[in-house]
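Here's the structure we're looking at; comments come further down.
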Amino acid sequence: MSSLTHLHPLSASVSRSPRRIPVIPATRLGMWIFLASEVGTFGGLIATYVMMRMWHHEWLHESAHTLLSIGTINTVVLLTSSLTMVLAHEAAEAKERARTRRFLLLTAGLGLLFLCLKAFEYSHEIAGGHTPKVSVFWSFYFAMTGLHALHIVGGLVLMLYATLGLRHDCVLRRVAPIGLYWHFVDVVWIILFPLMYVTTH
Amino acid sequence: MHAQQQSLGTSNPEHVDPVHPNYVAIWVILLVLLGVSLLLGRIPNAAVGGTLIFGVAAVKIAIVMRYFMHMKFEPWLLVALMVAALLCVLALFFGVLPDVVWRNGWSGR
Amino acid sequence: MSTTTLQPELLGELNELEPSEHGHAAPTGFIGKYVFSCDHKVIAMQYLFTGLFMAMAGGFLAYVIRHQLAFPGTKMLFHPIVNARQYNAISTMHGTIMIFWVAMPILIGAFGNFLIPLMIGADDMAFPRLNMLSYWTFLVSTIVLLASFFVPGGAAAGGWTSYPTLSVQVISSNHWGQVFWILAVALEFVSILMGGINYITTPLNMRAPGMKLFDLPVFVWMQMTATGLFMMSVGPLIAGAVLMLCDILFQTGVYMPEKGGDPLLYQHLFWFFGHPEVYVVLLPTLGIIGEVIPVFSRKHLFGYKPIVFSTIAAGLLSIVVWAHHQFVSGMDPRLAAPFSITTIIISVPFSIVIFSMIATLWGAALTFPTPMLWAVGMLAEFLIGGTTGIHNGSAASDIYVHDTYYVVGHFHYTLFPAVFYGMFCGLYYWWPKMFGRKLNETLGKIHFWGTTVFFNMTFIPMLLMGIAGHQRRVFDPRSFGYLKDMGTLHVIATYGLYGLWIYQIPFIINVFCGLFGKRMTDRNPWRASTMEWLAPSPPGHGNFEVLPECYRGPYEYSKPGAAEDFIPQWLPEETAGIARK
Chain A
1 MSSLTHLHPL
11 SASVSRSPRR
21 IPVIPATRLG
31 MWIFLASEVG
41 TFGGLIATYV
51 MMRMWHHEWL
61 HESAHTLLSI
71 GTINTVVLLT
81 SSLTMVLAHE
91 AAEAKERART
101 RRFLLLTAGL
111 GLLFLCLKAF
121 EYSHEIAGGH
131 TPKVSVFWSF
141 YFAMTGLHAL
151 HIVGGLVLML
161 YATLGLRHDC
171 VLRRVAPIGL
181 YWHFVDVVWI
191 ILFPLMYVTT
201 H
Chain B
202 MHAQQQSLGT
212 SNPEHVDPVH
222 PNYVAIWVIL
232 LVLLGVSLLL
242 GRIPNAAVGG
252 TLIFGVAAVK
262 IAIVMRYFMH
272 MKFEPWLLVA
282 LMVAALLCVL
292 ALFFGVLPDV
302 VWRNGWSGR
Chain C
311 MSTTTLQPEL
321 LGELNELEPS
331 EHGHAAPTGF
341 IGKYVFSCDH
351 KVIAMQYLFT
361 GLFMAMAGGF
371 LAYVIRHQLA
381 FPGTKMLFHP
391 IVNARQYNAI
401 STMHGTIMIF
411 WVAMPILIGA
421 FGNFLIPLMI
431 GADDMAFPRL
441 NMLSYWTFLV
451 STIVLLASFF
461 VPGGAAAGGW
471 TSYPTLSVQV
481 ISSNHWGQVF
491 WILAVALEFV
501 SILMGGINYI
511 TTPLNMRAPG
521 MKLFDLPVFV
531 WMQMTATGLF
541 MMSVGPLIAG
551 AVLMLCDILF
561 QTGVYMPEKG
571 GDPLLYQHLF
581 WFFGHPEVYV
591 VLLPTLGIIG
601 EVIPVFSRKH
611 LFGYKPIVFS
621 TIAAGLLSIV
631 VWAHHQFVSG
641 MDPRLAAPFS
651 ITTIIISVPF
661 SIVIFSMIAT
671 LWGAALTFPT
681 PMLWAVGMLA
691 EFLIGGTTGI
701 HNGSAASDIY
711 VHDTYYVVGH
721 FHYTLFPAVF
731 YGMFCGLYYW
741 WPKMFGRKLN
751 ETLGKIHFWG
761 TTVFFNMTFI
771 PMLLMGIAGH
781 QRRVFDPRSF
791 GYLKDMGTLH
801 VIATYGLYGL
811 WIYQIPFIIN
821 VFCGLFGKRM
831 TDRNPWRAST
841 MEWLAPSPPG
851 HGNFEVLPEC
861 YRGPYEYSKP
871 GAAEDFIPQW
881 LPEETAGIAR
891 K
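Protein chains in written order, with this note's numbering: chain A, 1 to 201; chain B, 202 to 310; chain C, 311 to 891.
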């Protein structure tokens, strides 16, 4: 028997999309899976830092030199950018393109402000002699905040990419995963802030 | 045709429920919590202060994930995914911690 | 849920949110079709051939290592005489290449990409462009890795695990090899992460109508578990690698004891990923043989659900076994007992899987074409790897055999069957689907028997040497008096490797003939019941002429009353000629 007879006699009535209702749309599910692996990256870094902190009592004095004022301002900036991001998402769901665009650019602007403040902070610390090589605390400080800052840069790129593509309606759906990513970067900062600034003063 | 099984749980109510949370109010709550954690930083007892500060941070994270990331509306499988990722990190922490502390000593916080 | 229950408002939402990138048109022109392609099958072929090329490179390095060990300091073909620094670099790169650039791209990148959409009856992955980006990131990582041979100071020489302080300090004057190593591995991880998003999302969201999660072929389950495990465990190593890069480039001291750091921390971070990675490599192969064995046994896969659940359990357990690699590293000895216990426990779920495979063979009308030979061979050889692993997993015996050739023999007995037997099994089995031509059976059998004989000839001496106390990572065994007696075993192992190489020639010939020979017309040459055999061979853009629906589980063989001895997943009840229920 030829294997062609195994072809089922299905008519063309099966449309190519949608084949099933996914419980979570693929773009969002994919982003969540990515974020789960990011939990491991930042979690690993934070866990390592906390362990090292537990036997380095002298870090208490080192870490008193971080700038609490700028750290606080930066926290406010990131929390606000999360608000504008979620408003952009809301606008995208309502298919209001102009509003989506405005909120996205606002979010990106706040992200840029964060980076500028961070750059000022870095230069202040390095000028004060707190370079990564002086002690393991500063190694961790620069590695953790640096990796976080890289994620902010990545978020900015994603947002600008989405803003450019907003001419097409279908691109509105990109806002949801970008929003998830941005809030996650915010969440990481919410942990880093007490870890690096508050508990050390 | 077979009745197809819903594979991951109940269908997503986010699209059914058009009522969005009041995002601005949540933002205000987050800022208030930030102020609280700054005040807690002034507690002289590091152990108590530290615990409270990280408690506040956990609340902030929960709020951001529930409302801004809409996790409140997602099916349980997604929550399980994130919890699993967190458990992995905890496994790492509590597996390595005794080794680091036993070998190098414990400073107390 | 049948299409009739689709609510209109939901449908509108869906068209907005569901992958519309996925409805990409068939590309035209050579570059769009074969180079920058979003088609999962083309990407799978790109992964496959890059992986095969790297396998040749890694195998060549193995040849250099083996020659140096058996005939230290003598001339060899194709390579100048190595010095100790080069030997270290070559063994480092052999391990790195074989794990990250052969096992991962072939078993996950190639087979996962090719088979997941076909097996679930989808037209492509959920994110085709992410898939393409994944391959090109992988290719860049390959180039970075190969380029590291030519940087000042040569390739990384700190072992494939790159333990500090060796990797950070001793070679810091000539650290570019190590920096390239970290960059290449990081890029490779990014690539597999991007692929992994696809491998999990696609089976969850894009299964054919009627296909429940437990109608998925076991291969798809294994791929999902493997990639999920990878994504859960890789993060801490990325963090550790970032810290190591800082240590090398900015002279920070996270791993340097004199600066207040802790070198053992890296070992924890590395093996927290490294041990799950073993299962990331093993699970796809178990999936492959889980597909092949029922077909040639003409039986339902024994214990489908237990297999699925025990692999998930093994995956979860593998997160908490990592410190068994560090029993003699200076780690606090009080941790040895808990990690020995978890390590021994993990053999329970894997025994369930292996015994289910063997139980499938029990009482079956077995036939042994080449894919089946590789599948059964994999089971047999892997059992040796698994049982020697028990001695490494329990601290008491590991203290004796640790860092000896026993360990080298052990992990080659696990990884060689997992990577190469699994890969050959999959290639001989799915080659008709991949290229529309069958591989030659005679050459295939020569290939199998030659490989099996010489594989054992290479690695049994290593187990013996290890028990006799021969430590690994030795450049010139003759410089140690007590190792002189083992020279013969080294020579036997080296001749075994020569034989192993020679018996890959039939495979290479077979591949070339299989790429250009006569096309076959039969879509389903093995009479298998899973969904990929419905598609044309090779499948065109969009895979199926009409996207199929699924009516039953994947292993319906030898059902009484059916017209044939197998009932495909895509066949409706009335056509199958049986009255069910």
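Note that CB positions come from ideal geometry on N, CA and C, so glycine has one too. Just so it is clear, the structure is predicted and the values come from calculations on it, not from any experiment.
Under three-state DSSP, which class holds T384/C? coil
A633/C touches chain B at which residues, Cβ-Cβ below 9 Å? G296, V297 and D300
Roughly how many angstroms separate the alpha carbons of L268/C and K743/C, rounded to a whole number? Nothing can be reported for residue 268/C, as the shown portion of chain C is limited to 311 through 891.
Could you confirm whether any beta carbon from chain B is found closer than 8 Å to the beta carbon of M641/C? yes
By Cβ distance below 6 Å, which residues in the same chain neighbour F606/C in space, the five residues on each side in sequence not counted? T677 and M682
Cutoff 6 Å; reference S847/C; Cβ partners in own chain excluding five residues on either side: P742, K743, G746 and R833
Please report whether the beta-carbon of L593/C lies at a distance below 8 Å from any beta-carbon of chain B. no
Using a cut-off of 8 Å between C-beta atoms, extract the partners of V530/C located in chain A. Residues of chain A passing the Cβ test: none, with the nearest at roughly 16 Å.
Just by C-beta distance, which residues in the region 234-251 of chain B are closer than 9 Å to chain C? none
Using a Cβ-Cβ cut-off of 8 Å, state whether W303/B counts as contacting chain C. yes
Could you check what DSSP says for F876/C in three-state terms: helix, strand or coil? strand
Can you tell me which residues form a DSSP beta bridge with T714/C? Q781/C
For S543/C, go through chain B and note every residue whose CB falls closer than 8 Å to its CB, in chain order. C289
Use the C-beta contact count for E751/C: other C-beta atoms within 10 angstroms, 16 or more gives buried, fewer gives exposed. exposed
I'd like to know if L293/B contacts chain C, where contact means its C-beta is closer than 8 Å to some C-beta of that chain. yes
Let me see if you follow: with CB-CB separation under 8 Å, is V39/A close to chain B or not? yes
Quick one: measure Cβ to Cβ for C860/C and P132/A, integer angstroms, because I've assumed they're closer than 8 Å. Not a contact, Cβ separation roughly 56 Å.
Counting pairs of Cβ atoms below 8 Å between the region 520-531 of chain C and the region 428-439 of chain C, do you hit three or more? yes
Kindly say whether V286/B, judged by its beta-carbon, lies nearer than 8 Å to any beta-carbon of chain C. Position check: residue 286/B holds Ala in this sequence, whereas Val was assumed. Answer yes: the Cβ-Cβ gap between A286/B and chain C drops below 8 Å somewhere.
Ignore the nearest five residues each way along the sequence and tell me which others in A639/C's own chain have a CB closer than 8 Å to its CB. For the record, residue 639/C in the displayed sequence is Ser; it is not Ala. Result list for S639/C: L574 and Q577, in chain order.
Output needed for Y197/A: all residues of its chain with C-beta closer than 6 Å, excluding positions within five of it in sequence on either side, in chain order. T66, L68 and G71
Is I24/A closer than 8 Å to P276/B when the C-beta atoms are compared? yes
Cβ neighbour criterion (16 or more within 10 Å) applied to I453/C: exposed
Can you pull the chain A neighbours of F560/C, defined as C-beta to C-beta under 7 Å? P132 and K133
Between L105/A and the rest of its own chain, which residues show a CB-CB distance below 7 Å, the 5 nearest in sequence each way excluded? T163
Secondary structure at H389/C, three-state DSSP: helix, strand or coil? strand
Does the beta carbon of I629/C come closer than 8 Å to any beta carbon on chain B? yes
Spatially closest choice to L180/A from L195/A, G155/A and T80/A, by CA coordinates: G155/A
Identify, in the order they occur along the chain, each residue of the same chain with its Cβ nearer than 8 Å to the Cβ of F582/C, setting aside the five sequence neighbours on each side. S543, P546, L547, I629 and W632
Do you know offhand how far H389/C's Cα is from I815/C's? 20 Å
Output yes or no for whether 8 Å exceeds the beta carbon distance between K731/C and V602/C. Checking the sequence, you will find Tyr at residue 731/C rather than Lys. Taking 8 Å as the Cβ cut-off, Y731/C and V602/C do not qualify as a contacting pair.
Test: M202/A CB closer than 8 Å to a CB of chain B: With chain A running from 1 to 201 in the structure shown, residue 202/A is simply not present.
Does the beta-carbon of N820/C have 16 or more other beta-carbons within 10 angstroms, so that it is buried, or is it exposed? buried
N223/B burial status per 10 Å Cβ neighbour count (16 or more: buried): exposed
C-beta neighbour in chain A for I230/B, strict 8 Å: no
Please report the straight-line C-alpha distance between N305/B and L645/C, rounded to a whole angstrom. 15 Å
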